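*Asks:* For the sequence shown, position 144 (counting from the first letter as 1) is numbered 144 according to this note's numbering, and the numbering increases by one without interruption. For glycine and all other residues, C-beta sits at the position ideal for the given N, C-alpha and C. The structure displayed is predicted, hence computed values, not measured ones. One structure, pasted below without further comment.
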Amino acid sequence: MISPAKRLCSSSSSLIKHQWHPIVDDDYLRLPNLIQMIVARVKDRQLTSDIIPLIDTIYPWPHSLKHIRRLHKNDNHLDILLYPSSFVTPLEKTEFDKYFENETRLINIPENPCLLKWQYDICIKEHWPGLAFRENKILEQSQLHKDLTEQDDIILDLFQKIQENDKESHYAIIVDNERQIPLVGSRDYRDKHPLQHSTMVAIDLLAADSVYLRENLIENFIEKQEKKAYLLNGCSIYLTHEPCIMCAMALLHSRVSTVYYLNHNVHAGALGSKYKLHTLKKTNHRFTVYHLEQINNGDTVNS
Numbered sequence: 001m002i003s004p005a006k007r008l009c010s011s012s013s014s015l016i017k018h019q020w021h022p023i024v025d026d027d028y029l030r031l032p033n034l035i036q037m038i039v040a041r042v043k044d045r046q047l048t049s050d051i052i053p054l055i056d057t058i059y060p061w062p063h064s065l066k067h068i069r070r071l072h073k074n075d076n077h078l079d080i081l082l083y084p085s086s087f088v089t090p091l092e093k094t095e096f097d098k099y100f101e102n103e104t105r106l107i108n109i110p111e112n113p114c115l116l117k118w119q120y121d122i123c124i125k126e127h128w129p130g131l132a133f134r135e136n137k138i139l140e141q142s143q144l145h146k147d148l149t150e151q152d153d154i155i156l157d158l159f160q161k162i163q164e165n166d167k168e169s170h171y172a173i174i175v176d177n178e179r180q181i182p183l184v185g186s187r188d189y190r191d192k193h194p195l196q197h198s199t200m201v202a203i204d205l206l207a208a209d210s211v212y213l214r215e216n217l218i219e220n221f222i223e224k225q226e227k228k229a230y231l232l233n234g235c236s237i238y239l240t241h242e243p244c245i246m247c248a249m250a251l252l253h254s255r256v257s258t259v260y261y262l263n264h265n266v267h268a269g270a271l272g273s274k275y276k277l278h279t280l281k282k283t284n285h286r287f288t289v290y291h292l293e294q295i296n297n298g299d300t301v302n303s
């Protein structure tokens, strides 16, 4: 039998393939906010030890800008960030003329530290070269697309099997990450009860004290597994559709590790389309989210 993953990735063009696309915080998708600063060129580098205390009395460098180096050597020149362009008490002209060349210029600096290397590369090239940055390899890795694995093929096969009688409904499958085995599969029953979305039913099916009493749709395809208390520690969930805010909160509360979904929920999706619940910084649990995305073989998706 051809797996749904392979079927999904096949088309009239052999260039079509699919990968898991990470759904990340918007802060990783855009440059930091920029603030405009006045830059002056030092006349004599030997006077730097006098200039720094003078400028600090006028505009002490704030702790919030510790990621910005105030001084930058450029070939044979030394530039210094004086103060924001909106600053109301600038340097007296006599003092300015003593230490700096005639003309100043305006540049933009990132208000917050760069989080990813691509942000840093753009900021030092287009704005101010004197930025402090330490690359976080784990964070960089979390931004990359992922190829489908053998386990993904198995899950997509199971989706194909349990969808045979109702391809329009929403489905969910929970997987044990360590043993790499599917545990429960569910469908949407909201036509019978407004709260019984496929995600909620799947979580309930795995619980030791299930209340919905719905059928485990993959029971005929897997070995019977011991039920959990209710938490999804060490588990991932595969969904045919992006979950709503209720289901996303249930996944957060249940401590799921990863969510994979095939289709966006443009009207009510809480993990990418309308909201990004998993990226909220004040929640007491964080998890990763991926969406299945079609790409061309010629595309460079991980750059």
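(1) If the criterion is Cβ atoms closer than 7 Å, does the pair LEU158 and VAL184 meet it?
(2) Taking DSSP as the reference, what is the three-state secondary structure of ILE23?
(3) What first and last residue would you give for the alpha helix (DSSP H) that runs through SER198?
(4) Using C-beta distances below 7 Å, list every residue in its chain close to ILE38, excluding the 5 sequence neighbours before and after it, in chain order.
(5) Mind checking whether ALA40 and PHE133 have CB atoms under 7 Å apart?
(6) Give the secondary structure of PHE96 by DSSP, where H, G and I count as helix, E and B as strand, and everything else as coil.
(7) Check whether the region 62-77 and the region 145-152 are in contact - that is, three or more C-beta pairs closer than 8 Å.
(8) Which first and last residues belong to the beta strand (DSSP E) in which SER236 is found?
(9) Going by Cα to Cα distance, which pick from ILE35, LYS167, ASP166 and SER186 is closest to ASN112?
(10) Go ahead and pull the three-state DSSP assignment for GLU101.
(11) Quick one: grab the DSSP three-state call for GLN160.
(12) Considering ALA172, what are the terminal residues of the alpha helix (DSSP H) in which it resides?
(13) Using only CA atoms, which one of SER236, LEU251 and ALA248 lies nearest to THR258?
*Replies:* Working from what's here:
(1) A distance of 7 Å or more separates the beta carbons of LEU158 and VAL184.
(2) coil
(3) 198-206
(4) LEU82, TYR83, SER85, THR104 and LEU106
(5) no
(6) helix
(7) no
(8) 235-241
(9) ILE35
(10) coil
(11) helix
(12) Element bounds for ALA172: not the alpha helix (DSSP H) but the beta strand (DSSP E), 171-176.
(13) SER236
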